[in-house]
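Student:
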Amino acid sequence: MDCTEEMVKILFQHQHGLIITRIMSTACELGVFDLLLESGGFLSSAEIAERLDTSHMGMEKLLEACVSLKLLRMEKKDNEGFYGNTDLANLCLAKSSPKSQCQYIQFYSEFVYTCSQYLTKAVREGKHQAPLVFGTSEKNMYINISSSEERLEVFQNAMGDAWSLYGQEVISAFDLSCFHVVCDVGGGSDAFAKQYISLYPNSTVTIFDLPEVVERAKKHSVSSEEHRINFQSGDFLNDAIPEADLYILARVLHCLNDETCLALLTKLYNACKPGGGVLLVETVLNEDRSGPLAAHIYSILVMLVLEGKERTLSEYSTLLGAAGFKDVQFKKGRHLDAVYGRKENISF
Numbered sequence: 001m002d003c004t005e006e007m008v009k010i011l012f013q014h015q016h017g018l019i020i021t022r023i024m025s026t027a028c029e030l031g032v033f034d035l036l037l038e039s040g041g042f043l044s045s046a047e048i049a050e051r052l053d054t055s056h057m058g059m060e061k062l063l064e065a066c067v068s069l070k071l072l073r074m075e076k077k078d079n080e081g082f083y084g085n086t087d088l089a090n091l092c093l094a095k096s097s098p099k100s101q102c103q104y105i106q107f108y109s110e111f112v113y114t115c116s117q118y119l120t121k122a123v124r125e126g127k128h129q130a131p132l133v134f135g136t137s138e139k140n141m142y143i144n145i146s147s148s149e150e151r152l153e154v155f156q157n158a159m160g161d162a163w164s165l166y167g168q169e170v171i172s173a174f175d176l177s178c179f180h181v182v183c184d185v186g187g188g189s190d191a192f193a194k195q196y197i198s199l200y201p202n203s204t205v206t207i208f209d210l211p212e213v214v215e216r217a218k219k220h221s222v223s224s225e226e227h228r229i230n231f232q233s234g235d236f237l238n239d240a241i242p243e244a245d246l247y248i249l250a251r252v253l254h255c256l257n258d259e260t261c262l263a264l265l266t267k268l269y270n271a272c273k274p275g276g277g278v279l280l281v282e283t284v285l286n287e288d289r290s291g292p293l294a295a296h297i298y299s300i301l302v303m304l305v306l307e308g309k310e311r312t313l314s315e316y317s318t319l320l321g322a323a324g325f326k327d328v329q330f331k332k333g334r335h336l337d338a339v340y341g342r343k344e345n346i347s348f
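With the first letter of the sequence shown counted as 1, position 230 gets the number 230 in full-length UniProt numbering; the numbers rise by one all the way through.
(1) Can you list, in chain order, the residues of its chain with a C-beta nearer than 8 angstroms to that of Glu6? Leave out the 5 residues immediately preceding and following it.
(2) Does any heavy atom of the ligand SAH sit closer than 6 angstroms to the C-beta of Val181?
(3) Taking the alpha carbon of Thr86 as the reference point, which residue from Lys127, Gly40, Pro131, Lys121 has its own alpha carbon closest?
(4) Around the Cβ of Leu279, are there at least 16 other Cβ atoms within 10 angstroms (buried) or fewer (exposed)?
(5) In angstroms with no decimal places, state the Cα-to-Cα distance between Ala240 and Thr266.
(6) What separation, rounded to the nearest whole angstrom, lies between the Cα atoms of Leu18 and Ser109?
(7) If contacts are defined as beta-carbon pairs under 8 angstroms, then Gly277 and Arg228 qualify, I think. What distance do you get, rounded to the angstrom?
(8) Leaving aside the five residues before and after Ser224 along the sequence, list all residues of the same chain whose C-beta is less than 6 angstroms from its C-beta, in chain order.
(9) In this structure, does DSSP put Gly31 in helix, strand or coil?
(10) Assuming Gln129 and Val305 make a contact with CB atoms under 8 angstroms, what is their CB distance in whole Å?
(11) Where in the region 190-214 do unbroken runs of the beta strand (DSSP E), each at least 3 residues long, occur, reported from the N-terminal end onward?
(12) Name the one or two DSSP bridge partners that Tyr298 has.
(13) Measure the alpha-carbon distance for Thr4 versus Pro292 and round it to whole angstroms.
(14) Which whole runs of the alpha helix (DSSP H) in the UniProt domain "O-methyltransferase dimerisation" (13-94) are 4 residues long or more, in chain order?
(15) Thinking just about the alpha-carbon of each residue, which of Ala263, Val181, Glu243, Glu149 is nearest to the one in Val214?
(16) Tell me, to the nearest whole angstrom, how far the beta carbon of Ala338 is from that of Val205; I am working on the premise that it is less than 8 angstroms.
(17) Using the Cα positions of Ser116 and Glu307, report the straight-line distance between them to the nearest angstrom.
(18) Just verifying my parser: in three-state terms, what is the DSSP assignment at Pro274?
(19) Helix, strand or coil, according to DSSP, for Asn345 in the structure here?
(20) With DSSP as the reference, label Phe231 as helix, strand or coil.
(21) Hey, Leu62 and Tyr83 are a contact pair by Cβ (cut 8 angstroms); roughly how many whole angstroms apart?
(22) Identify every residue that forms a DSSP beta bridge with Val281.
(23) The beta strand (DSSP E) that contains Asp184, what's its start and end?
(24) Ignore the nearest five residues each way along the sequence and tell me which others in Leu199's own chain have a CB closer than 7 angstroms to its CB.
(25) Compare the Cα-Cα distances from Asp34 to each of Asn79, Leu88, Lys95 and report the closest residue.
(26) Mind reading off the beta-carbon distance from Asp184 to Ala250? Whole number of angstroms is fine, and I expect it under 8 angstroms.
(27) Going by the beta-carbon positions, is the gap between Gly234 and Ile207 smaller than 7 angstroms?
(28) Give a yes or no on whether the C-beta atoms belonging to Ser146 and Glu212 are separated by under 7 angstroms.
(29) Less than 6 angstroms between C-beta atoms, sequence neighbours within five positions excluded: which residues of the same chain meet that for Phe107?
(30) Helix, strand or coil for Lys331 per DSSP?
(31) Rounded to the nearest angstrom, what separates Leu69 and Gln13 at their Cα positions?
(32) Taking only the alpha-carbon atoms, compute the straight-line gap between Leu319 and Phe192 and give it to the nearest angstrom.
(33) What did DSSP end up calling Thr4 once you bin it into helix, strand or coil?
(34) Using 7 angstroms as the threshold, is the C-beta distance between His56 and Ala46 below it?
(35) Along the chain, which unbroken stretches of the alpha helix (DSSP H) at least 4 residues long are found entirely within the region 103-145?
What follows is the structure in structure tokens.
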């Protein structure tokens, strides 16, 4: 393959990224991957179409596209195609999988597509487009999301999917076993908290978030670990923070500008018990800002609806240090990274 052909191939993949997401979300929504997982083998396109109540022609085209995307496998028998899941589909695309990403893909397919229509305007103006995206005068994305039960459900379900896939890795990045009272600031649902107490069963986690978010989270929480997961309503920027040994800010700081980040971190430092700490979960930019790609994609999404940004490790370290946290440590993950700072013990 010459360099021109390679460039055209890359161009094609990028310019059709949206329809690729829609192909995945459509197959998830129709239940293709769940049907094939339950079948334990290969099914013909006609049988899949009949069992999922779709047209044969439409389903066949969808299945063939999924094969090209390496989401499905196909075997030919008597000149007829039979389809089965790949390991990726079984793990991430079947709704019944514990690590299913179907709801996250749905969130991207619906919400992110709507946001992306305002990207040119956001770049030109250098400011977020939340009022246009949500059709309100409210500038805070999270207030907009929590004002609609349906919208909040989609968002929290998407975040739950993400934590099922990435949560254990970031929680185990450091030994946090010495912390028994934990506060998940802006945690939303109990998805991240469940991942935490599964690794540290002697800990309790308080999820501190907006009243509307907490109300829905309580309603939909069916955790068997309820005595170790608690909810407390409040605005972390304006209300008192629950006292804890460890504070978790998972995908929170990238939503905020530097001034607000410093104010929040200082607030956490003051509330934190001596010897306690703070764990940041973010996609950290390389120091030369050359990547990773995920951080730049999130940076664009943040610009569309929020006032924050993705940051380098030195930028996070500066914010943590200015708030009072010491001994900042960093662990690179496969997708999300962990930054950890400590509050010194009081000595006499």
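Cβ coordinates follow ideal geometry from the N, Cα and C atoms, glycine included.
Tutor: Once the coordinates are examined:
(1) Along the sequence shown, read from residue 1 onward, the residue named residue 6 stands at position 6. Once the five neighbours on either side are set aside, Glu6 has no close Cβ partner at all.
(2) Among the components modelled here there is no ligand, and therefore nothing to report on the ligand SAH.
(3) On the sequence shown, position 86 is the one that residue 86 refers to. Answer by Cα proximity: Gly40.
(4) Sequence index remark: in the sequence shown, residue 279 carries index 279 (1-based). Buried, since its Cβ has 16 or more Cβ neighbours within 10 Å.
(5) Along the sequence shown, one-based indexing puts residue 240 at 240. Along the sequence shown, one-based indexing puts residue 266 at 266. Using only the alpha carbons, I get a separation of about 12 angstroms.
(6) To locate residue 18, count along the sequence shown from 1; it is residue 18. To locate residue 109, count along the sequence shown from 1; it is residue 109. Taking the straight line from one Cα to the other gives about 8 angstroms.
(7) In the sequence shown, the residue the question calls residue 277 occupies position 277. In the sequence shown, the residue the question calls residue 228 occupies position 228. 19 angstroms between Cβ atoms; not a contact.
(8) Translated into the one-based positions of the sequence shown, residue 224 becomes position 224. Because the pLDDT of Ser224 is 49, which lies under 50, any placement of that residue in the model is unreliable, and the question is left without a value.
(9) For the purposes of this step, residue 31 is taken as residue 31 along the sequence shown, with counting starting at 1. Three-state result, Gly31: coil.
(10) Taking the sequence shown and counting its residues from 1, the one referred to as residue 129 is at position 129. Taking the sequence shown and counting its residues from 1, the one referred to as residue 305 is at position 305. Confirmed, about 7 angstroms.
(11) 204-209
(12) For this step, residue 298 is matched to residue 298 along the sequence shown. Tyr298 is not bridged to any residue.
(13) Numbered from 1 along the sequence shown, position 4 holds the residue referred to as residue 4. Numbered from 1 along the sequence shown, position 292 holds the residue referred to as residue 292. Near 25 angstroms, if we compare the C-alpha coordinates of Pro292 and Thr4.
(14) 17-30, 32-39, 45-51, 56-68
(15) As a first step, residue 214 is located in the sequence shown; it is residue number 214 there, counting from the start. When only C-alpha atoms are compared, the closest one is Glu149.
(16) Locating residue 338 in the sequence shown gives position 338, counting from the first residue. Locating residue 205 in the sequence shown gives position 205, counting from the first residue. Between the beta-carbon of Ala338 and that of Val205 there is about 17 angstroms, and that puts the pair past the 8 angstroms contact cut.
(17) Within the sequence shown, the letter at position 116 stands for residue 116. Within the sequence shown, the letter at position 307 stands for residue 307. About 16 angstroms.
(18) Translated into positions along the sequence shown, residue 274 becomes position 274. Note: Pro274 maps to strand in three-state DSSP.
(19) By 1-based counting over the sequence shown, the position of residue 345 is 345. Here Asn345 sits in coil by DSSP.
(20) Residue mapping note: residue 231 aligns to position 231 of the sequence shown, counting from 1. Reduced to three states, the DSSP call for Phe231 is strand.
(21) Along the sequence shown, read from residue 1 onward, the residue named residue 62 stands at position 62. Along the sequence shown, read from residue 1 onward, the residue named residue 83 stands at position 83. Actually they are not in contact, since the Cβ atoms of Leu62 and Tyr83 sit about 10 angstroms apart, beyond 8 angstroms.
(22) Numbered from 1 along the sequence shown, position 281 holds the residue referred to as residue 281. In the DSSP output, where bridge partners are listed per residue, Val281 has Ala250, Ala338.
(23) Taking the first residue of the sequence shown as position 1, residue 184 is located at position 184. Looking at the DSSP string, the run of the beta strand (DSSP E) that includes Asp184 is 181-185.
(24) Reading the sequence shown from its first residue, position 199 is the one you call residue 199. The answer, listed in chain order, is Gln168, Ile171, Ser172.
(25) For the purposes of this step, residue 34 is taken as the residue at position 34 of the sequence shown. Checked all of Asn79, Leu88, Lys95; the closest Cα to Asp34 is Lys95.
(26) Numbered from its first residue, the sequence shown carries residue 184 at position 184. Numbered from its first residue, the sequence shown carries residue 250 at position 250. Sure, about 7 angstroms apart at Cβ, within 8 angstroms.
(27) Taking the sequence shown and counting its residues from 1, one reaches residue 234 at position 234. Taking the sequence shown and counting its residues from 1, one reaches residue 207 at position 207. Not a contact, by the Cβ cut-off of 7 angstroms.
(28) The residue you call residue 146 lines up with position 146 of the sequence shown. The residue you call residue 212 lines up with position 212 of the sequence shown. Yes.
(29) As a first step, residue 107 is located in the sequence shown; it is residue number 107 there, counting from the start. Cβ contact annotation for Phe107 (same chain, cutoff 6 angstroms, sequence separation greater than five): Val154, Ala158, in chain order.
(30) Translated into positions along the sequence shown, residue 331 becomes position 331. Three-state DSSP puts Lys331 in a strand.
(31) Position 69 of the sequence shown holds residue 69. Position 13 of the sequence shown holds residue 13. One C-alpha to the other measures close to 11 angstroms.
(32) The residue labelled residue 319 in the question sits at position 319 within the sequence shown. The residue labelled residue 192 in the question sits at position 192 within the sequence shown. Their Cα atoms are separated by approximately 24 angstroms.
(33) Counting from one through the sequence shown, the residue named residue 4 turns up at place 4. In the structure shown, Thr4 sits in a helix (DSSP, three-state: H, G or I).
(34) Against the sequence shown, residue 56 aligns to sequence position 56. Against the sequence shown, residue 46 aligns to sequence position 46. In this structure, Ala46 lies closer than 7 angstroms to His56 by Cβ.
(35) 113-116, 119-125, 130-134
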